[in-house]
Every structure is written in structure tokens, then in C-alpha cells.
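A.B. asks: Sharing a structure, written as C-alpha cells. Questions coming.
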Amino acid sequence: MHDELVDHLTRSSSLTRGEAVRVIQDVLAYFDETTEDYVRRRHRELQAQGLVNAEIFTRISADLKYRAVAPPELSLRQLRRIVYG
């Protein structure tokens, strides 16, 4: 599994090989989330913080640009459809 990356992390940090593998697996699992799952999860999180949909969808739209593999730009309407169907 990603031996070059594991080697790089062990050379450039104090991580052991096992720790480096675990970190890589955690990061890959985080970014393995589909765009739809990410939008739904973030909507729930931001709603729980008391934000209203106008703020939530604007923030999610901005956040999507920073995902590891940027999805296509989604309109606020498309984001709402992901959440509400």
C-alpha cells in the first residue's frame, strides 16, 4: 500500500512505518467519502451548529473546492437536491 508515501513519511517525520501506514489509511478513508455523502454530513454538522440553509449551502459550496479531488462545481440548488432529494 503506497510504499513510496510510507517511506517518505518515515524519512520526513518521527512516525514509525506502522504509524505512517495508519495515518495514510485514515487520510484515504476521509477523502474516500463521495461528494453526496460529504454534502449530507456537512449539512447535518452545520445545521447542528445552528446555521440556516442559506449559510450552510454557501459554506459547503466553498468547502468543496478544497476536497482532494475537486468535484464539479455544484449550484446551491444541486446541493439542496443532494440533501433533500
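Residues are numbered in the numbering used here as their position in the sequence shown, beginning at 1, plus a constant of 47. Every residue gets a Cβ at the ideal spot worked out from N, C-alpha and C, and that includes glycine.
#1: For residue 120, name the three-state secondary structure that DSSP assigns.
#2: Classify residue 95: buried if its beta carbon has 16 or more other beta carbons within 10 angstroms, exposed otherwise.
#3: Note down, in chain order, each residue of its chain lying with its Cβ closer than 8 Å to the Cβ of residue 127, except the 5 sequence neighbours on either side.
#4: Pop quiz: residue 130 and residue 87 are said to be a contact at Cβ under 8 Å. What is the actual Cβ separation, rounded to whole angstroms?
#5: Around the Cβ of residue 109, are there at least 16 other Cβ atoms within 10 angstroms (buried) or fewer (exposed)?
#6: Where does residue 96 fall in DSSP's three states?
#7: Tell me the DSSP secondary structure of residue 60 in three-state form.
#8: Which of the three DSSP states, helix, strand or coil, is assigned to residue 79?
#9: Are the beta-carbon atoms belonging to residue 114 and residue 85 less than 9 Å from one another?
C.D. replies: Considering the structure as presented:
#1: Here residue 120 refers to the residue found at position 73 when the sequence shown is read from its first residue. The three-state secondary structure of residue 120, taken from DSSP, is coil.
#2: One-based indexing of the sequence shown puts residue 95 at position 48. Exposed, because fewer than 16 other Cβ atoms sit within 10 Å of the Cβ of residue 95.
#3: For the purposes of this step, residue 127 is taken as residue 80 along the sequence shown, with counting starting at 1. Around residue 127: 100 and 104.
#4: For the purposes of this step, residue 130 is taken as residue 83 along the sequence shown, with counting starting at 1. For the purposes of this step, residue 87 is taken as residue 40 along the sequence shown, with counting starting at 1. Confirmed, about 6 Å.
#5: For the purposes of this step, residue 109 is taken as the residue at position 62 of the sequence shown. By the neighbour-count definition (other C-beta atoms within 10 Å, threshold 16), residue 109 is an exposed residue.
#6: Translated into positions along the sequence shown, residue 96 becomes position 49. Residue 96 falls in the coil class under three-state DSSP.
#7: The residue labelled residue 60 in the question sits at position 13 within the sequence shown. If DSSP states are grouped into helix, strand and coil, residue 60 belongs with coil.
#8: As a working note, residue 79 is residue 32 in the sequence shown. Residue 79 falls in the coil class under three-state DSSP.
#9: As a working note, residue 114 is residue 67 in the sequence shown. As a working note, residue 85 is residue 38 in the sequence shown. Yes, the Cβ-Cβ distance between residue 114 and residue 85 is below 9 Å.
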